[in-house]
Amino acid sequence: MPRIRRNRSIASEIALVFVIIVLVTVSGGLLIRGLAQQLVADARDAVWESSVPASFVYQTVGDQWVIHQVLTKALKPGNDPGNLRGEIETLEKLSAARWGELVGLSVYFPEAPRIGIEKANRRLEAYRTAYRDTLARIENRDYSGARVIHETTQTDAIHALAQEASTLLRTMSERIEWVTQRMETTAKNGVADFALAGLAICLLLVIAYAAIHFRITRPILELNEAMERLAAGDLATVLPLASRKDEIGRMADTVAIFKEGLVRINQLVRDLDEANATNIRTNEAMMRALIGLAGARDNETGAHLDRTQQYVRILCRRLAQDTEFTADLDAPTIGYIVAAAPLHDIGKVAIPDKILHKPGKLTDEEFAIMKTHVVEGLAVVDQVIADVGRTPYLAAARDVIAGHHERYDGRGYPHGLSGTAIPLAGRIMALADVYDALRSARVYKPAMSHGEARQVLIDGATKHFDPKIVAAFLLSEGEFERIAVAMNDHPIVTKIGAVA
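Mapping of the sequence shown onto the working numbering: residues 45 to 544, in sequence order.
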């Protein structure tokens, strides 16, 4: 018996493959997540470090230019300055709040924008000093001095502020470009990494499929095919996977045990078949001995037994072609019926010699005794069945003996059976026995010709014989006639003395 091995488990191999797939898939997910986070951070930096400061710078420079324009308008001849300080303080308050917020946030900016904001802040303070001086002179009615400061110091300061703001905006633009390039690089690298991760996942899926196919699916199919061949009787089948040391290997061991069991069962069946064949041969030999014993006491020759056996074979084969009888007359059954045919008159061993060998016609009393040979024959076969058991051969012998003197119309003996209640083997034997008796000469009668015997059988259809068996005879009558002539002990003399 194959050794059951439990060294390895294929489940661990498949589990390892799937763990790797899960890890790579999770890694791919984390990679995508990191890429998304990096892109979001870059976008946030672009807005935070560039777009927000640029907006503040634009608005602040715009506010200062409005102040400059207000002062320019106030210095024109004929214009009343009115509440000039209130208007300028309102604008200055809004601008100072916005710019102060930007300066406060600049500490979180990269170095280049932060330095640019510091420079712009100094320019803004210089400009504020200049326009405040201009405003003070206007309030003191020193318009000529105010114009000089406005057209020189203040104008230079606003231009310097605008130039510094332009420089700051260029710095921020460069920062935006740098962040954009970083985003592009991040995206490209992320796509490449994701493609590699996807390729790795696909490769692992292929490996997983191959592992499942070559380590599980195909071995199971091979074992299944091997079991199908074993079930079909091919015990020479070579079992695969004998070297596996996992669950599949244990399955192979189980199939090997199954094969060994089949081999043993097959050997037992062969032994039983041989024993059965021996028993059948023994039974047949015993029956042949009984037939020989009966033949030694009967006037009928061995040729009668051989001829009737051939007639039975012909009728069985012909009837087997009829769908009504196909199931009842398969090849083995025909063999048993043909082998049992010579036993049909075995009961005559119990008939007294004076009746059995009487040269003339039997009296009614003697004929009644003669008819008991059927019951005596059944007794012989029943005793054998009781001793050795009912075999298909003995069952066929019993049917042949019991039915060969029954009539289809129920007027036969020993039981007066009619129609299909008479065993099929008995109905076949009845026609074969009568045909041979008609074609054989006796001391009290001449032999009939084939034509005469044929007519007797036709007339007896539905009365003495099964009409379908008569029909089978008519389809095979040529063979009957050849056997009657070829296997006769002596020339058949017809009623008119001619040789048939």
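For glycine and all other residues, C-beta sits at the position ideal for the given N, C-alpha and C.
Which of helix, strand or coil DSSP assigns to residue i
i	result
F524	helix
K512	helix
R483	helix
K137	helix
V529	helix
I132	helix
Y452	coil
Q365	coil
R49	Confidence at R49 is low in this model, with a pLDDT of 45, below 50, so its placement is unreliable and the value that follows should be read with caution. R49: coil per DSSP, three-state reduction.
G391	helix
Y457	coil
N127	coil
K415	helix
R434	coil
K120	coil
G277	coil
H401	coil
V282	coil
N165	helix
P546	For the chain, the structure presents residues 45 to 544; residue 546 sits outside this window and is missing.
Residue nearest to residue i in terms of C-alpha spacing, selected from the options
i	options	result
H203	G470, R442, V105, S484	V105
T116	G421, L179, Q207	L179
A465	A485, R486, D443, D477	D443
E420	V147, Y457, A515	Y457
A474	L119, S493, P511	P511
Y253	A59, P396, L518, H508	A59
L138	M227, E409, Q108, M271	Q108
S462	A497, V432, K507, E496	K507
Y437	A385, D480, Y479, D389	A385
R361	G305, G379, R191	G379
S210	V101, L359, R158	V101
A164	A190, R214, E195, R185	R214
T298	R325, I264, Q311	I264
H459	L482, N233, V418, Y479	V418
DSSP beta-bridge partners of residue i
i	result
A505	F509
K489	R486
C-alpha gap between residue i and residue j, whole angstroms
i	j	result
A561	V424	Residue 561 falls outside the range modelled here, since the chain spans only 45 to 544, and no answer is possible.
M531	E269	55 Å
L349	T370	26 Å
V356	A412	27 Å
G242	E155	40 Å
T224	V70	29 Å
H112	G160	23 Å
A440	R471	12 Å
A321	T367	30 Å
I24	A275	It is not possible to answer for residue 24, since the shown part of the chain is limited to 45 through 544.
L128	A118	8 Å
E318	V382	21 Å
W143	Y175	17 Å
E228	T261	47 Å
K392	L422	11 Å
A300	L279	11 Å
I64	R273	39 Å
T134	Q103	15 Å
D477	I445	11 Å
Inter-stretch contact (C-beta, 8 Å, three-pair minimum) for the segment 392-406 and the segment 434-453:
Output reads no: the segment 434-453 does not touch the segment 392-406.
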